[in-house]
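In the numbering used here, the protein residues as written are 399 to 657.
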């Protein structure tokens, strides 16, 4: 099983959105894909008052969408079991996982963060592992996201929000990943801007979003730069050429080396 660790330049940059697109792209190509989020914090209550973790729901939906003519990699397991396999450690408060766990008189199981991804062995050939927050965000009392990436994968995808400040944030994250002796598979510049509802809002929009891709391509010439439009269902390179499904495994995924 090959792995790709997905991290971000910050929280709320679209890691799960991008991960879901990649999962669907792999599955449409007839490949067996899996999703693992070692820990998740921040739940919302559904109409029945039951806590729901939206990241987990997005990943579960990407894994269970019914693609016509491609039933082979459709997971056949109860919904609760699938969500447990995606993310076995979930906490209610929208805080760093170890802080959220303390509010529930619980702790984050540091060993389980690394070993639970083995639940996908035998049912997935390509596993996306999505971190929480940014690359140096703590996930337990002992570990941060970078520690998990180093223990579970060799290839890291960085999701960056296409807005003012992204160039600095992306370069810092690239340096942090490379400092752990990990490969940066690609940077995905994700459009997180809300849609403009008037001409005045269009004029006030963040103009840096029009030049960030070219600047990152210039400053990071040896790293694959991809872009993702708002509400898109595919990822393209920064020259707006679609990344073919058949090229994704070789371009992004590396060998697994679980702890």
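Every residue, glycine too, gets a C-beta built ideally from N, C-alpha and C.
Here residue 548 carries a helix assignment [DSSP, helix/strand/coil]. Put simply, the region 578–593 touches the region 408–427. At least three CB pairs are less than 8 Å apart.
Per DSSP, residue 633 lies in no alpha helix (DSSP H) and is assigned neither H nor E. A straight line joining the alpha-carbon of residue 450 with that of residue 458 spans about 12 Å. Counted as a single uninterrupted DSSP element, the alpha helix (DSSP H) harbouring residue 415 occupies residues 413–426. Looking from the CA of residue 402, the closest CA among 537, 543, 550, 477 belongs to 550. If the five residues before and after residue 646 are omitted, its C-beta is found closer than 8 Å to the C-beta atoms of 420, 423, 424, 427, all from its own chain and listed in chain order.
Per DSSP, residue 409 is not a residue of any beta strand (DSSP E), being assigned neither H nor E. Taken in chain order, the whole alpha helix (DSSP H) runs of length 4 or more contained in the region 428–506 are 452–462, 477–484, 495–501. Where residue 556 is concerned, the enclosing beta strand (DSSP E) starts and stops at 553–559. With a cut-off of 8 Å on Cβ pairs, the region 439–450 is not in contact with the region 541–559, counting fewer than three such pairs.
Excluding residues up to 5 positions away in sequence, 508, 511 lie with their Cβ nearer than 8 Å to the Cβ of residue 541 in the same chain. Under DSSP, residue 542 takes part in a beta bridge, and its partners are 536. Note on residue 456: 16 or more other CB atoms within 10 angstroms of its CB, so buried under the neighbour-count rule.
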